[in-house]
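Start counting the sequence shown at 10; every next residue gets the next number (our numbering).
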Amino acid sequence: MSYNPPAARRLRVYAFDPQAALNLGSAKFGHATVSLPWNDPADGEVLPGPINDYVEIIDADPSSQAFYEPVNLNAIELLAQDGLTPSEGDPRFHQQMVFAVAMKTIKLFERALGRKIIWAPNWDDQNKTYRPTHKLRIYPHALREANAYYSRARKALLFGYFKAVDRRAGADWIFTALSHDIIVHETTHAILDGLHPRYAEATHVDSLAFHEAFADIAALLSHFQLYEAVYEHIDRQGGSLDQTGLLTGLASQFSSGTTGHPSLREFIEKEPDASLLATTTESHSRGAILVAAVFDAFLSIYKARTADLLRLAAVQPGSGRSLHPDLTARLTSEATKCADHVLRMCIRALDYLPPMDVRFGEFLRAVITADTDLIPDDRLNYRLAFVEAFRRRGIFADQCLSMSPDSLLWERPLVEDPKAADFLDTSDVLLSELNLTPEFSRERIWQTAESNRKKVWYWLVQPEMKVAEDCKISQADFNDMLAKARLAFSDVASAPGPDSPWERFVTDYTFMLINLGISVDHLNDLTKAIRAGETHFDRWETFFNAIMALPTINDGKKTDEAWATALGIRFQQGRRPLHTINGRDGIPSVEVHSVRTTRRAGPDGQDIRQLVIEVAQKRRGYFDEAVQHAEDTGKGTGQRADFWFRGGATLVIDLRDCKPRYIIRKRIDDGTRLAEQRAFLTSPPDLGFTYDPGQMREPFAMLHRS
Ligand SMILES: [Zn+2]
Numbered sequence: 010m011s012y013n014p015p016a017a018r019r020l021r022v023y024a025f026d027p028q029a030a031l032n033l034g035s036a037k038f039g040h041a042t043v044s045l046p047w048n049d050p051a052d053g054e055v056l057p058g059p060i061n062d063y064v065e066i067i068d069a070d071p072s073s074q075a076f077y078e079p080v081n082l083n084a085i086e087l088l089a090q091d092g093l094t095p096s097e098g099d100p101r102f103h104q105q106m107v108f109a110v111a112m113k114t115i116k117l118f119e120r121a122l123g124r125k126i127i128w129a130p131n132w133d134d135q136n137k138t139y140r141p142t143h144k145l146r147i148y149p150h151a152l153r154e155a156n157a158y159y160s161r162a163r164k165a166l167l168f169g170y171f172k173a174v175d176r177r178a179g180a181d182w183i184f185t186a187l188s189h190d191i192i193v194h195e196t197t198h199a200i201l202d203g204l205h206p207r208y209a210e211a212t213h214v215d216s217l218a219f220h221e222a223f224a225d226i227a228a229l230l231s232h233f234q235l236y237e238a239v240y241e242h243i244d245r246q247g248g249s250l251d252q253t254g255l256l257t258g259l260a261s262q263f264s265s266g267t268t269g270h271p272s273l274r275e276f277i278e279k280e281p282d283a284s285l286l287a288t289t290t291e292s293h294s295r296g297a298i299l300v301a302a303v304f305d306a307f308l309s310i311y312k313a314r315t316a317d318l319l320r321l322a323a324v325q326p327g328s329g330r331s332l333h334p335d336l337t338a339r340l341t342s343e344a345t346k347c348a349d350h351v352l353r354m355c356i357r358a359l360d361y362l363p364p365m366d367v368r369f370g371e372f373l374r375a376v377i378t379a380d381t382d383l384i385p386d387d388r389l390n391y392r393l394a395f396v397e398a399f400r401r402r403g404i405f406a407d408q409c410l411s412m413s414p415d416s417l418l419w420e421r422p423l424v425e426d427p428k429a430a431d432f433l434d435t436s437d438v439l440l441s442e443l444n445l446t447p448e449f450s451r452e453r454i455w456q457t458a459e460s461n462r463k464k465v466w467y468w469l470v471q472p473e474m475k476v477a478e479d480c481k482i483s484q485a486d487f488n489d490m491l492a493k494a495r496l497a498f499s500d501v502a503s504a505p506g507p508d509s510p511w512e513r514f515v516t517d518y519t520f521m522l523i524n525l526g527i528s529v530d531h532l533n534d535l536t537k538a539i540r541a542g543e544t545h546f547d548r549w550e551t552f553f554n555a556i557m558a559l560p561t562i563n564d565g566k567k568t569d570e571a572w573a574t575a576l577g578i579r580f581q582q583g584r585r586p587l588h589t590i591n592g593r594d595g596i597p598s599v600e601v602h603s604v605r606t607t608r609r610a611g612p613d614g615q616d617i618r619q620l621v622i623e624v625a626q627k628r629r630g631y632f633d634e635a636v637q638h639a640e641d642t643g644k645g646t647g648q649r650a651d652f653w654f655r656g657g658a659t660l661v662i663d664l665r666d667c668k669p670r671y672i673i674r675k676r677i678d679d680g681t682r683l684a685e686q687r688a689f690l691t692s693p694p695d696l697g698f699t700y701d702p703g704q705m706r707e708p709f710a711m712l713h714r715s
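Here it is as structure tokens:
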């Protein structure tokens, strides 16, 4: 006899942490149950560990040299009772909890982003390509210290445990792996690093503060989705129902009850002070201002959504009368819905941010633009709530004339500029080459994204080429051949030889290559020269230079220059060269960080499909301005850079009409931004940051150590 599979796998966790579960005030809602999708066919089985397609819990404790038996969530005893009962003493419960909360966070991001989460890959310098990180490793007992962090080098979450200083906390040992807050926070760091690997670089007072703030916004708003906890709180507050105090009290209760990063919530209950941002430079405090701004937006949206309920119930603030349980239930469900909505607004903004050097004001613009794209009519004034909350905390968008939601939208210079129409059309060529078929398994998503990424890269760095009029080959056939060449050469895995994709390409296209003017002898030499190339990059360059050198081919410089300007980078040095741009033989190198497709559904049936491409370039930066000038102009000694200065853009293409919609750009030749980064990196250490390249390998470990 067979049965239908269950809808969900339910797992019990601490709603906050073990201390809060013991506390009489919060004991009622100390436990929560997380529902995860039941064996999604694309996600694979949940194996003992737990291990699934996303994460791998490894419970080795180096300081006690212990290796704890991995929990088997498929054991019949656990399936029958929503997993193990919350317990501080059972390491298997610790494994269950980190797994459940990390997976819940992953699924939340996936729902908002409209695609699957992919972890930050590792750069394989030998083959000049990225290697995927299949599973994020999670070590529930990695450190014996009051710290927990996302390790960029190991692509792992490391949780520490330590002896309680204050025994009144009720425990001898405090386990960070049992704090809901900390697990969501660290998982968010890992997800954000997969999306925007350059955000972990300290380039501005906002950069690391943004990472911290975002991780904490996710942790804080996830709490407001725990129905029982919010219900209990509203019920208790009901008698003196004052809308402002209704949820803020809960926020501080959340942070005081945990071993998390309370400093990130320090401004939540304080009256906004717009001048504070200018003087706050320490990452956590500065991040706390952003957390408070998002929280204020959440509160005002909640207030707007519940005003009618309170009027209907005719509740007098301060009347001392307790609320009807039905009203408490309605208020609670509004609070959980609002928290979910605000968090999704924040997550969706991640695709509308520049690839590097992010600023708080840009985050606001990204939130507004992403939300406008999905929900054009802001009937409930959610966007206004964000703008108002950010303004009151002193967070402004630098290049905007006003702080109205309309003027905060990212510009669409390309669509409005008729001169640009010419080069925009070239993106059709690109889109026709990419594989945009939706994939379900993360392995396939990664492979498709990688092959798309390489195609975009080849397409970008290859100068535009025009076939001469008297040539026997048409422009269309030539473009088609180049597309095939890009496909063949970008196959990194194949070993050189007659069976490799690119040699087969040369064989298949021999006739056309000869028609373009390559002699048979030349073709043989060319094949040998390509074979000698060590990387796919070398091989492509050799082939490409040979084509460029043909008298039948002219380069179409204009289009390339238009793209370079639009993306804020350089393909060629041009008339005012910047010798500090990283490159080879005087030609600037271009990186394509990622190419990803998203699909989002709006509340009124909107169906947004986008392609997001991140392009970047790096330039040597020097602490000494005179040295910078000398190196920029090629008069320096080529000395080692003090830091990397990056430029580039996020290109958002609307797949419904295949037109670029936004280009969110940070110019590589932006002198002001370079000066800002230099000033930040050389600022005195008491400003909360000391530049140490060694530290930058694990920035989050340093940020979290208390
Ligand atoms: Zn953090």
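Using N, Cα and C, we set each Cβ at its ideal position, and we do this for glycine too.
Lys346: member of the alpha helix (DSSP H) spanning Pro334 to Arg357, first to last residue. Residue state for Trp182 is assigned as strand, using DSSP reduced to three classes. Assignment of beta strand (DSSP E) within the stretch 117–160, counting only whole runs of 3 or more residues, yields 131–133, 138–140, 145–152 and 157–160 in chain order. Taken in chain order, the whole alpha helix (DSSP H) runs of length 4 or more contained in the stretch 611–660 are 634–641. Across the set Lys481, Glu543, Gly506 and Thr544, the C-alpha of Lys481 shows the shortest separation from the C-alpha of Ile527. With 16 or more other Cβ atoms inside 10 Å of its own Cβ, Glu221 counts as buried. Classified as buried, Ala157 has 16 or more neighbouring CB atoms from the shown chains inside 10 Å of its CB. When distances are taken from the beta-carbon of Glu221 to the heavy atoms of ligand 1, the shortest one is below 6 Å. Between Tyr159 and Val367, the CB-CB gap reaches or exceeds 7 Å.
Under a 10 Å Cβ-count criterion, Thr289 is classified as buried, with 16 or more other Cβ atoms of the shown protein chains found around its own Cβ.
Relative to ligand 1, the nearest heavy atom lies less than 6 Å away from the CB of Ala224. Look at Ala555 here: in three-state DSSP terms it is helix. Val661 places its beta carbon 7 Å or farther from that of Val624. The C-beta of Thr94 has fewer than 16 other C-beta atoms within 10 Å across all chains shown, which makes the residue exposed. Ranked by Cα distance from Glu343, the first of Leu235, Thr446, Pro414 and Leu56 is Leu235. Assignment of beta-bridge partners to Arg18 by DSSP yields Leu45.
By DSSP's assignment, Ile527 forms no beta bridge with any residue. Distances from the alpha-carbon of Arg357 to those of Thr345, Asp678, Lys346 and Leu373 put Leu373 closest. For the pair Asp564 and Asp547, the Cα-to-Cα distance works out to about 21 Å.
The Cβ atoms of Ala224 and His205 lie no closer than 7 Å to each other.
Listed in chain order, the non-local C-beta contacts of Arg18 below 6 Å within the same chain comprise Leu45 and Trp47, local neighbours out to five positions each way being set aside.
Residue environment for Tyr12: exposed (fewer than 16 other C-beta atoms within 10 angstroms of its C-beta). If you check the CB distance, Arg140 and Ala165 do not come in under 7 Å. Scanning its chain for C-beta atoms nearer than 8 Å, with the 5 sequence neighbours on each side dropped, one finds around Gln484 the residues Lys475 and Val476, in chain order. Boundaries of the beta strand (DSSP E) around Arg674: Lys668 to Lys675. In the three-state DSSP reduction, Lys164 falls in the coil class, being neither helix nor strand. Closest option to Ala155, judged by alpha-carbon separation, among Pro130, Ile384, Phe168 and Thr446: Phe168. The three-state reading of DSSP puts Gly98 in coil, since its state is none of H, G, I, E or B. Residue range Ile85 to Leu88 is occupied by the alpha helix (DSSP H) that includes Glu86, with no beta strand (DSSP E) assigned at that position.
The straight-line gap separating the alpha-carbon atoms of Ala84 and Phe449 is approximately 28 Å.
Short of 6 Å from the beta carbon of Asp479, and not among the five residues preceding or following it, lies no beta carbon of its own chain. Inter-segment contact for the stretch 226–243 and the stretch 346–366 is present: three or more beta-carbon pairs are separated by less than 8 Å. In the DSSP annotation of this structure, Val300 is not part of any beta strand (DSSP E); the continuous alpha helix (DSSP H) holding it starts and ends at Ser292 to Ala322. For Lys172, the secondary structure class from DSSP, reduced to helix, strand or coil, is strand.
Across the set Ala75, Leu389, Asp382 and Arg245, the C-alpha of Leu389 shows the shortest separation from the C-alpha of Lys312.
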